[in-house]
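Trainee:
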Amino acid sequence: MSDDQIKPGEQLTLAQINRLRKRAQSAPEADKVKPEAGETDPQKMTVAELKDWLTEQGIEFDASAKKADLQALIPETKPEAGETD
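Numbering that gives the first Met the number 0 puts the sequence shown at residues 0 to 84.
Structural data, given as structure tokens:
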């Protein structure tokens with residue numbers, strides 16, 4: 000059995016931990032887990048996220064607007080050809 004085969008519940012040696020860490024650090028970027036960027040659906044965003052999203056889209060809004068008012072500013076999107084709800 001190889002040193003790298005780990006059984007469930009087995010404690011790792013320092014050497015195994017260091018090998019795993021070194022392998023993870025040298026892994027290609029595509030193999031690494033990327034942190035989530037947060038909510039991407041404007042209808043589900045928090046007020047702060049909505050304000051950031053609207054600003055990025057170039058949509059003006061009142062700084063004191065409530066969440067429902069901000070959501071009302073989100074443009075309707077039409078499904079592309081071949082898409083259905």
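Virtual Cβ for every residue (Gly too), placed ideally from N, Cα, C. All values derive from a computational prediction rather than experimental measurement.
Candidates Ala47, Gln4, Lys6: which alpha carbon is nearest Ala64's?
Mentor: Within the sequence shown, the letter at position 65 stands for residue 64. Cα-wise, what sits closest to Ala64 is Ala47.
Trainee: Give the DSSP-derived three-state secondary structure of Gln42 in the structure shown.
Mentor: Taking the first residue of the sequence shown as 1, we reach residue 42 at position 43. DSSP places Gln42 in helix when its eight states are reduced to three.
Trainee: Taking the straight line between their C-alpha atoms, what separation do you get for Ser25 and Gln15?
Mentor: To locate residue 25, count along the sequence shown from 1; it is residue 26. To locate residue 15, count along the sequence shown from 1; it is residue 16. If you take the alpha carbons of Ser25 and Gln15, they lie about 16 Å apart.
Trainee: What do you get for Met0, buried or exposed, if any count of 16 or more other CB atoms within 10 angstroms of its CB means buried?
Mentor: In the sequence shown, the residue the question calls residue 0 occupies position 1. With a pLDDT of only 42 at Met0, under the threshold of 50, the placement of this residue in the model should not be trusted, and no figure is reported.
Trainee: So, for Asp61: in the same chain, excluding its five sequence neighbours on each side, which residues have a beta-carbon less than 8 Å away from its beta-carbon?
Mentor: Looking up residue 61 in the sequence shown gives position 62. Here the set comprises Asp68.
Trainee: Should Leu53 go down as buried or exposed, given a rule of 16 or more other Cβ atoms within 10 Å for buried?
Mentor: As a position in the sequence shown, residue 53 is number 54, starting the count at 1. When all chains shown are included, Leu53 counts as buried.
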